[in-house]
Amino acid sequence: MKVLVINCGSSSLKYQLIDSESEKVLAKGLCERIGIDGRLTYQPEGGEKEVTDTAMPTHKEAIQLVLDALVNEKTGAIASLKEIDAVGHRIVHGGEKFAGSAVINDEMIAAVEECSALAPLHNPANLIGIRACQDLMPGVPMVGVFDTAFHQTMPKKAYLYGLPRKYYTEYGVRKYGFHGTSHSFVSKEAAKFLGLDLNNSKIIVAHLGNGSSISAVLNGKSVDTSMGLTPLAGLVMGTRCGDIDPSIVEFIANKENKSVSEVLNILNKESGVFGLSDGLSSDFRDLGEGAANGNEAAQDALDVFAYRVAATIGSYVAAMNGVDAIAFTAGIGENDKDTRKAIVDYLGYLGVTLDEEKNGLRGENVVISTEDSKVKVAVIPTNEELMICRETVALVG
Ligand code: AMP
Numbered sequence: 010m011k012v013l014v015i016n017c018g019s020s021s022l023k024y025q026l027i028d029s030e031s032e033k034v035l036a037k038g039l040c041e042r043i044g045i046d047g048r049l050t051y052q053p054e055g056g057e058k059e060v061t062d063t064a065m066p067t068h069k070e071a072i073q074l075v076l077d078a079l080v081n082e083k084t085g086a087i088a089s090l091k092e093i094d095a096v097g098h099r100i101v102h103g104g105e106k107f108a109g110s111a112v113i114n115d116e117m118i119a120a121v122e123e124c125s126a127l128a129p130l131h132n133p134a135n136l137i138g139i140r141a142c143q144d145l146m147p148g149v150p151m152v153g154v155f156d157t158a159f160h161q162t163m164p165k166k167a168y169l170y171g172l173p174r175k176y177y178t179e180y181g182v183r184k185y186g187f188h189g190t191s192h193s194f195v196s197k198e199a200a201k202f203l204g205l206d207l208n209n210s211k212i213i214v215a216h217l218g219n220g221s222s223i224s225a226v227l228n229g230k231s232v233d234t235s236m237g238l239t240p241l242a243g244l245v246m247g248t249r250c251g252d253i254d255p256s257i258v259e260f261i262a263n264k265e266n267k268s269v270s271e272v273l274n275i276l277n278k279e280s281g282v283f284g285l286s287d288g289l290s291s292d293f294r295d296l297g298e299g300a301a302n303g304n305e306a307a308q309d310a311l312d313v314f315a316y317r318v319a320a321t322i323g324s325y326v327a328a329m330n331g332v333d334a335i336a337f338t339a340g341i342g343e344n345d346k347d348t349r350k351a352i353v354d355y356l357g358y359l360g361v362t363l364d365e366e367k368n369g370l371r372g373e374n375v376v377i378s379t380e381d382s383k384v385k386v387a388v389i390p391t392n393e394e395l396m397i398c399r400e401t402v403a404l405v406g
């Protein structure tokens with residue numbers, strides 16, 4: 010099957026056309042600045058990347074441009090749109106309604122709309138992408154794959170907050186967790202790669218990117234994760250603060266005469282390692298360079314990040330009463346050997362030892378712990394698009 014994978018944001022849209030049998034990407038790219046001016050990037054397999062500035066007033070025009078590029082006579086990946094057998098859509102929040110991927114129909118869309126209160130910036134954008142695809146590709150089966158679904162197996166003791174119960178029962182305030190597609194993909198890949206029986210395993214996945222989260226995966230099921238009701242919770246991230254004392258919100262609001270939403274905006278966009286480094290950067294390459302040049306704030310940001318990751322891993326070892334493997338993934342997890350070393354250096358009590366040479370390798374799945382390490386540590390590149398393709402085929406293939 011050929012599956013078009015769509016990840017639709019409010020003003021951007023990423024896409025990949027994947028052949029599900031070979032799992033090869035036939036073409037990929039993105040639409041940016043939708044509703045502003047518009048820019049299409051398109052790259053066929055083995056071909057040059059093309060960037061075209063072109064008007065895309067709405068997502069419908071953006072998707073039309075993607076479809077035109079896919080069937081372009083010279084550089085198109087397919088001869089006709091009839092070759093697209095299915096579309097897989099990333100959807101951010103499935104609340105408690107979706108514990109797995111779902112075929113898109115009117116009833117499913119209504120349920121996603123009901124979850125929009127929990128992700129007011131993301132779900133409406135995802136739905137716009139779904140509707141635009143339905144208009145342009147009538148009759149093509151479509152599947153929604155949720156960021157939250159993988160974590161729906163968490164037990165109550167992990168997802169309930171210490172708040173008045175009615176906030177959960179009436180408004181659905183609880184831990185949901187995100188990056189579920191990545192945690193699901195990486196935990197399965199890690200088990201396969203390391204020769205573990207997924208159904209009898211304890212795996213911790215550290216998805217460390219601009220947004221970061223960790224999950225505890227027991228026997229293939231998520232039993233805890235670090236993000237919460239929203240992706241603001243848990244680890245210190247690129248610009249998000251992660252867990253803080255909730256009283257800080259009122260304290261800063263009073264000190265700086267700001268509203269709650271203004272403070273929340275700071276916690277989302279100006280905090281994390283960016284805020285800690287005094288605005289130097291949210292990118293770990295810049296922070297590493299800054300720290301190497303003696304920038305104390307950059308070093309603090311790196312130290313705080315690694316400490317929080319290590320402490321969270323420790324809490325998930327406790328949650329699962331042990332761990333067989335730890336998998337690093339996403340931009341930082343896959344590429345930043347110094348940050349991986351800083352984290353793994355905390356894990357000596359688990360009998361973990363790092364193979365420094367292997368830790369320097371990049372690209373593919375690789376074990377970075379020594380042969381005699383009691384817990385295996387691996388780098389497993391994530392592939393959310395491929396996971397969405399697999400889920401789509403599983404439901405409509
Ligand atoms: P992601 O959100 O998964 O795309 O991750 C993006 C982040 O990964 C960037 O902001 C960087 O902090 C980090 N990153 C990407 N490449 C490298 C690299 N070569 N070395 C260190 N950090 C990197």
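According to this note's numbering, the sequence shown is numbered sequentially starting from 10. The beta-carbon is built from N, C-alpha and C at its ideal position, and this holds for glycine as well. Predicted model, so just to flag it, every value in this text is computed and none were measured.
request  = Kindly identify the DSSP beta-bridge partner or partners of D333.
outcome  = Paired residues: none, contrary to the question.
Cutoff 6 Å; reference F1; Cβ partners in own chain excluding five residues on either side = Absent from the model: residue 1. The displayed extent of the chain is 10 to 406, so no value can be given.
message = Are there any heavy atoms of ligand 1 lying less than 7 Å away from the beta-carbon of I223, as far as the coordinates show?
response = no
inquiry  = List, from N- to C-terminal side, the alpha helix (DSSP H) runs of 4 residues or more that fit wholly inside the region 337-394.
reply    = 339-344, 346-353, 365-368
task = Check whether the Cβ of R174 sits closer than 7 Å to any heavy atom of ligand 1, and report yes or no.
result = no
query = Name the DSSP beta bridge partners of Q52, please?
reply = K37
With 16 other Cβ atoms within 10 Å as the buried cut-off, status of I257 = exposed
Closer than 7 Å: N266 CB and nearest ligand 1 heavy atom = no
task = Excluding the 5 residues preceding and the 5 following Y168 in the sequence, name in chain order all residues of the same chain whose CB lies nearer than 6 Å to its CB.
result = R183, K184
query = Quick one: what's got a C-beta closer than 6 Å to V12's C-beta in the same chain, skipping five residues either side?
reply = I27, S29, A95, G97, C398, T401
query = Excluding five sequence neighbours on each side, which residues of the same chain lie with their C-beta closer than 8 Å to the C-beta of A242?
reply = K184, S235, M236, G251, D252
ask   = In this structure, does DSSP put N16 in helix, strand or coil?
value = strand
query = Is the closest heavy atom of ligand 1 to the C-beta of F293 under 7 Å?
reply = yes
request  = Would you list, in sequence order, the uninterrupted beta strand (DSSP E) runs of no fewer than 3 residues that lie entirely inside the region 157-232?
outcome  = 211-217, 221-227
task = Consult DSSP for V282 and reduce its assignment to one of helix, strand or coil.
result = helix
ask   = So which of H68, T67, P255, L90 has the shortest CA-CA distance to D77?
value = L90
inquiry  = Shorter than 7 Å, the distance from the beta carbon of I6 to the closest heavy atom of ligand 1, or not?
reply    = As displayed, the chain neither begins before 10 nor continues past 406, which places residue 6 out of reach and without an answer.
message = By the DSSP assignment, the beta strand (DSSP E) with A95 in it spans what residues?
response = 95-100
message = By alpha-carbon positions, which one of F260, G229, I223, E259 ends up nearest to N244?
response = Here residue 244 turns out to be Leu, not Asn, going by the sequence shown. If we check each option's Cα against that of L244, I223 comes out closest.
request  = Please go through the same chain and pick out, in chain order, the residues whose beta-carbon is closer than 7 Å to the beta-carbon of F202, but skip the five residues on each side of it.
outcome  = N374, A387, I389
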